[in-house]
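Notes follow once the structure below has been shown.
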Amino acid sequence: MSKLYAVLLGGSGGPGRLSEDHETVFVVADTEKSARQQARAKWSGHGKGHVDALECLDVIDGHRVMLEGGAAPSQGVFISYNDEPFDEGND
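Counting from 24, one number per residue, gives the positions in the sequence shown under this note's numbering.
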């Protein structure tokens with residue numbers, strides 16, 4: 024049965040940087056191994072990312088998370104710190 028996973032990815036900050044970049048991605052997978060593979064494929068940073076943490080999101084604050092297939096992909100919405108919509112294309 025497919026489950027929702029939150030995965031924290033880490034990877035090199037890039038040439039000349041002594042740092043590690045991080046990003047959180049979400050995947051739907053049948054196993055933790057598959058979730059790790061799918062998450063690494065979503066890494067958008069420099070070089071090859073690795074999995075720092077993985078959590079199956081089946082129950083959150085006493086509420087069971089159920090997945091329903093067939094939904095259309097959603098468009099991401101970014102919210103700035105002042106609670107107004109954020110458009111990545113605008114500076």
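We put the beta carbon where it would ideally sit given N, CA and C, even for glycine. Only a predicted model underlies this, so the values are computations on that prediction, with no experimental measurement involved.
Determine the extent of the alpha helix (DSSP H) in which S57 is found, giving its start and end residues. Position 34 of the sequence shown, counting from 1, holds the residue named residue 57. In the DSSP assignment, S57 falls within the alpha helix (DSSP H) that extends over E55 to A64.
Taking contact to mean at least 3 C-beta pairs separated by less than 8 Å, is the segment 73-87 in contact with the segment 30-40? Verdict: yes, contact present.
Excluding sequence positions up to five away, which residues of its chain have a Cβ less than 7 Å from the Cβ of P66? For the purposes of this step, residue 66 is identified with residue 43 of the sequence shown, where counting begins at 1. Before going further, note that residue 66 is Trp rather than Pro in the sequence given. Correct list, in chain order: L32, G34 and G72.
Cβ-based burial, A58 [other Cβ within 10 Å; buried from 16]: Sequence index remark: in the sequence shown, residue 58 carries index 35 (1-based). By the neighbour-count criterion, in which 16 or more other beta carbons inside 10 Å mark a residue as buried, A58 falls on the buried side.
Give a yes or no on whether the C-beta atoms belonging to S25 and V50 are separated by under 7 Å. Here residue 25 refers to the residue found at position 2 when the sequence shown is read from its first residue. Here residue 50 refers to the residue found at position 27 when the sequence shown is read from its first residue. Contact: no.
Indicate the three-state DSSP secondary structure (helix, strand or coil) for H45 in the structure shown. By 1-based counting over the sequence shown, the position of residue 45 is 22. H45: strand per DSSP, three-state reduction.
Which residues in the same chain have their Cβ closer than 6 Å to the Cβ of G37, if we skip the five residues on either side of it in sequence? Within the sequence shown, numbered from 1, the residue matching residue 37 stands at position 14. H69.
Report yes if the CB atom of V88 is closer than 7 Å to the CB atom of L41, and no otherwise. For the purposes of this step, residue 88 is taken as the residue at position 65 of the sequence shown. For the purposes of this step, residue 41 is taken as the residue at position 18 of the sequence shown. Not a contact, by the Cβ cut-off of 7 Å.
Less than 7 Å between the C-beta atoms of A64 and V48, yes or no? As a working note, residue 64 is residue 41 in the sequence shown. As a working note, residue 48 is residue 25 in the sequence shown. Going by C-beta atoms, A64 is not nearer than 7 Å to V48.
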